[in-house]
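Numbering (the numbering used here), first residue to last: 847 to 1677. The structure under discussion appears below in the form of structure tokens.
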Amino acid sequence: MLSAAPTFMPYEPDEHTLHLWHLDENGPPFLDSGSSPRELLGLLNGAAAGIPSFQKFGGSVSFNYSRTHAPETSAIYGPILLASPKLDSGQGDQVKAPFPVMGDDGAFTIEAVVKLDVLPQETRGVAASIVSLDDEVPAQRVFLLRIEKPGFLSFLAISGNSVRGGGLATLPTTGPNAVNTTDWFHVAVTYSGKEAAADNLKIYWTRLDSDQKVANQIGRGTLSADLNRELGDFAVGNTGRKNSYGPWEYFPGCIDEVRISSIARTPDDFFFVSPELKEKARSEAMEEKHPQPLGTEMMLRQVLVNDAPVAMPQGRVPLELGPGPHRLDFDFGFLPGSVADTLSVKCSLEGLDDGWQPTARGMTMVWETLGADGEILSRTAFTASGASPGWGSDVSDSQLERRVEPLFIPDGTRKIRAVVSSGTADTTGSWVIDDLSLTRTGPPGANLWANGDLKDGYQTNQPSGVPKGWVRGGNETAIARMALIGDNTALGLLDAEQDHFGLWTSTRDLSAKVAKGGEVFLVSWSEAYNVIPGSSLRATYLNVPSGKYTFRAIAVAVNPKEPSAYLSFPLMIREPFWKRGWFLPLAVATGIVVTGLGLFAIYRRRSRERLARIKLQNVLEQDRARIARDMHDDLGTRVSVLNLTASSVRRAIDGDPGRARQQLTRMESAARDLVQAMEGLVWAVNPANDTLDHLAAHLSGMAHDLFRDSPVRLRLSIPANLPAIPLKSDFRHHFALAVKESLNNVLKHAGSCEVSLKLAVEDNSLFVEVTDDGTGFNPSQPREGNGLRNLASRFCELGGTFSIDSKPGGGTRTTFRCGFSNSSSLPIQKT
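Quick look at the structure:
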């Protein structure tokens, strides 16, 4: 049964241990327990031994100069632990053979346990070296494992002035493995020994605690070749490459348990993993020691359409895109463990261009020419991969080299866009650019690229600054930063992210007139770079129109007898709808249908207008008929009463003065009734009264006038704030007369009593209730007169409901209800 808990015990050498320094001694020599032992003899420049280490690990060595010395006032070499007793600017401090740092196949693991006294950003030096095999002689430089000041863990494989690749990864700042100055961390870099294989280098950073069971991988990289087998200055806690003042790369903290192995140890093959799991990992590593064949397929990682990634379809279903033209970027690579020469990889977009083109690796500077409408006319890419001739160990000690490239600019170009990118997401490293220039060929002319020295802009002497005319981009904009090389301000890309990229973009007007047919210009800049290409490759195609395509890539294996790797990916860009075969017939049919519908709509509109005029005429006729009927039935009767009364007065005024006075009183009353009837008729036909609140006010005034001189006591229940609902004039007229009829019945038949008039809006309906506590009657018995029939008739015309409830001696309750859908007219226009 496998044990789960880590042991946290110092390493015991195994058959793969080349070197193992426990660093428990209080001073030199520090013993090596590996199969090819080499004592470390030079504890120099303030390096201190015997510092307590992690748990049962005994002692460690501190390289923090401030532990034993006052803060530095000038640049010094710094603490170091050397294989030789003293530093030398020549060969006097080189490690003596045999000193293997890799297996026979080139595989290795270099690891240590470290504790920082200050965070990387607060380091006084340019970097914090952990283990190095470096030298003043370029040919004898081998590797550097160190923490970069921005917070990166890096491994560089060096041969002369060139870099054979390496790895660069950002130290975690959050989570269980976040970098800090309290805990001890395990640091490791492994190389599989498979030259040019994808992701053959891995970087680990793991905090030591009881929960760790495997190493925490933070990055990956690629070595294009095995390490240089020369021997230089081997050192711990610094680099032994001595110059006038030293490299200024000492480690600000403690280092312990340095081990170099002849295999690429797996994440579960370190001291904090149980012995059973370690043995299992060793067996599996031995089985996979030899390079695997290239295989028959490559892997498409992502497709970017106009710089934005798109979702990939499942299976062999073609990727379908909207109408073009589009810019397409294909990021692809080899399956894990494959070995291939990436320079032999060619790709093609079948259906656009049947030719095969090389793929881009590393960081890129892309120049695009734009037409009057912003369309891309041409695209030219320049790459940076490996190390530039002037590269040192860091940006700060590198020399800028001038680079000149031809740039074809087509006729019709209006703008030029430059994009400096850190490449595919898994590409890492540094690239700084200064003194950018765009000139015509022939005799030197004026620089057409404004602010080429990058001095104008916002805080260009700070990493977060932005030169005038440039914009940061990418999915991690912090990768694009400003850099200082001496007194020069440079455009920089510092990328240690394995899954992100950054870029700078600038678009400028082209002030020069291009000759007909196009013209070749010269673009030049000063640069220094150390770029570690990832395992991804990129192919870019511009202005891809609508159509069916197949992206193909092919790579030749290192061994000609092995099969070639290939990739095939179909995609389709839809035609604009107006270019599809069905569009013209559909457009014609649609035109005919639309024309017919338009004519039909005109006919319907005119019919509705005629119908509206007829309805309006009917309404006017109905209003006229109602007004005429009311004037004949009501006003005519009252005028006839006045005429008869006046005749009686005239006959009696001489013979019977008393009777004449009675007829005058009756005549006055008839005149008042006539005035009230006229006011009611005028109120009914006046459109200014076509609202619910005017109806309520009219009913209230009518009830007051009716019961003013009677023994009936009136109570009103009418809301103060009624909704602004428009009403038809005939509705108001009939509704008011119905309520008046009901109140008249109370006045005539209920006797001395109390009457209540209630008005309310309920469920989109107008509700009126008239209740009295008078004599009442039996509704089932026939009664003289037409009052109740008139009420029922009026509400039938209104489309509402009417009910009456009464019993002898129990009063009467009359209710009226009518929906506003039957009563509303057009909205009232406010003036």
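We treat Cβ as the ideally placed atom computed from N, Cα and C, and that holds for glycine.
Supposed contact pair residue 1083 and residue 926 - C-beta distance, whole angstroms, cut 8 Å: The beta carbons of residue 926 and residue 1083 sit about 6 Å from each other, so the pair counts as a contact at 8 Å.
Bridge-paired residues (DSSP) for residue 1394: Answer by DSSP bridge pairing, in chain order: 1418.
Cβ neighbour criterion (16 or more within 10 Å) applied to residue 1211: Buried, since its Cβ has 16 or more Cβ neighbours within 10 Å.
Own chain partners of residue 1217 with C-beta closer than 8 Å, once the 5 adjacent residues on each side are dropped: Taking residue 1217 as the centre and dropping the five residues before and after it, the same chain places the C-beta of 1223, 1258, 1259 and 1260 closer than 8 Å to its C-beta, in chain order.
6 Å CB neighbourhood of residue 920 in its chain, flanking five on each side removed: The predicted position of residue 920 is uncertain, since its pLDDT is 44 and thus under 50; a value taken from the coordinates is nonetheless stated next. Same-chain partners within the cutoff: there are none.
Residue 1430, buried or exposed, once every other Cβ within 10 Å from all chains shown has been counted against 16: That one is exposed.
One or two residues paired with residue 1048 in a DSSP bridge: Beta-bridge pairing links residue 1048 to 1036 and 1066.
Beta-carbon gap between residue 896 and residue 888 smaller than 7 Å: Residue 896 is not a Cβ neighbour of residue 888, given a cutoff of 7 Å.
Distance, residue 1031 Cα to residue 1051 Cα: The straight-line gap from Cα to Cα measures roughly 7 Å.
Contained beta strand (DSSP E) runs [length at least 3] in the segment 938-1010, N- to C-terminal order: Uninterrupted beta strand (DSSP E) stretches at least 3 residues long and entirely within the segment 938-1010 occur at 954-962, 973-980, 989-994 and 998-1005, given in chain order.
Through-space distance from residue 857 to residue 988, alpha-carbon basis: Between residue 988 and residue 857, the C-alpha separation is close to 25 Å.
Cut-off 6 Å between Cβ atoms - residues of its own chain near residue 1598, not counting five sequence neighbours on either side: 1557.
Residues bridged to residue 1111 [DSSP beta-bridge criterion]: In DSSP, residue 1111 forms no bridge with anything.
Residue 985 versus 1046, 1073 and 1014, residue with shortest Cα-Cα distance: Of the residues 1046, 1073 and 1014, the one whose Cα lies closest to the Cα of residue 985 is 1073.
Distance CB(residue 1010)-CB(residue 953) smaller than 7 Å: The answer is no: Cβ separation not under 7 Å.
With 16 other Cβ atoms within 10 Å as the buried cut-off, status of residue 855: Residue 855 comes out exposed.
Short Cβ contact (7 Å threshold) for residue 1268 with residue 1339: Result yes, Cβ atoms of residue 1268 and residue 1339 sit closer than 7 Å.
Beta-carbon gap between residue 1418 and residue 1122 smaller than 7 Å: In this structure, residue 1418 lies away from residue 1122, with their beta-carbon atoms at least 7 Å apart.
Reference residue 898, options 1423, 864, 890 and 1029, closest by Cα: Checking every option, the nearest Cα to that of residue 898 belongs to 1029.
Between the CA atoms of residue 890 and residue 1041 - distance to the nearest angstrom: The alpha-carbon atoms of residue 1041 and residue 890 are separated by roughly 37 Å.
Contact between the segment 1574-1591 and the segment 1609-1624 (3+ Cβ pairs under 8 Å): The answer is yes - the segment 1609-1624 touches the segment 1574-1591, with three or more Cβ pairs under 8 Å.
Alpha-carbon spacing of residue 1327 relative to residue 970, whole angstroms: When only Cα atoms are considered, residue 1327 and residue 970 end up about 20 Å apart.
According to DSSP, residues forming a beta bridge with residue 1351: Answer is 1265 and 1317, bridged to residue 1351.
Residue of 1665, 976, 1277 and 1060 minimising C-alpha distance to residue 1574: It is 1665 whose Cα lies nearest to the Cα of residue 1574.
Contact under 7 Å by Cβ, residue 1330 with residue 1279: Judged by their CB atoms, residue 1330 and residue 1279 are not nearer to each other than the 7 Å cut-off.
Extent of the continuous alpha helix (DSSP H) run through residue 1540: Counted as a single uninterrupted DSSP element, the alpha helix (DSSP H) harbouring residue 1540 occupies residues 1538-1553.
Residue 1180, DSSP secondary structure in three states: Residue 1180 falls in the strand class under three-state DSSP.
Supposed contact pair residue 1652 and residue 1661 - C-beta distance, whole angstroms, cut 8 Å: With 8 Å as the limit, residue 1661 and residue 1652 do not qualify as a contact, their Cβ atoms being about 12 Å apart.
Residue from 938, 1274 and 1199 with nearest C-alpha to residue 1385: Ranked by Cα distance from residue 1385, the first of 938, 1274 and 1199 is 1199.
Contact check, residue 1113 vs residue 1231, beta carbons under 7 Å: With contacts defined by Cβ atoms closer than 7 Å, residue 1113 and residue 1231 do not form a contacting pair.
Host alpha helix (DSSP H) of residue 1080 (start-end): Here residue 1080 belongs to no alpha helix (DSSP H); instead the beta strand (DSSP E) covers 1079-1082.
Start and end residues, alpha helix (DSSP H) containing residue 1585: Unbroken alpha helix (DSSP H) run through residue 1585: 1575-1591.
Inter-stretch contact (C-beta, 8 Å, three-pair minimum) for the segment 1386-1400 and the segment 1190-1198: Taking one beta carbon from each stretch, the segment 1386-1400 and the segment 1190-1198 have 3 or more pairs nearer than 8 Å; the two touch.
Segments assigned beta strand (DSSP E), at least 3 residues, entirely inside the segment 1180-1259: For the segment 1180-1259, the continuous beta strand (DSSP E) assignments of 3+ residues that do not extend past its boundaries occur at 1192-1196, 1199-1204, 1209-1216, 1222-1230 and 1247-1255, in sequence order.
Selection from 1252, 1019 and 1237 that minimises the alpha carbon distance to residue 1002: Ranking 1252, 1019 and 1237 by Cα distance to residue 1002 puts 1237 first.
8 Å contact criterion, which residue 1374 and residue 1247 should meet: CB distance rounded: Confirmed, Cβ separation roughly 7 Å.
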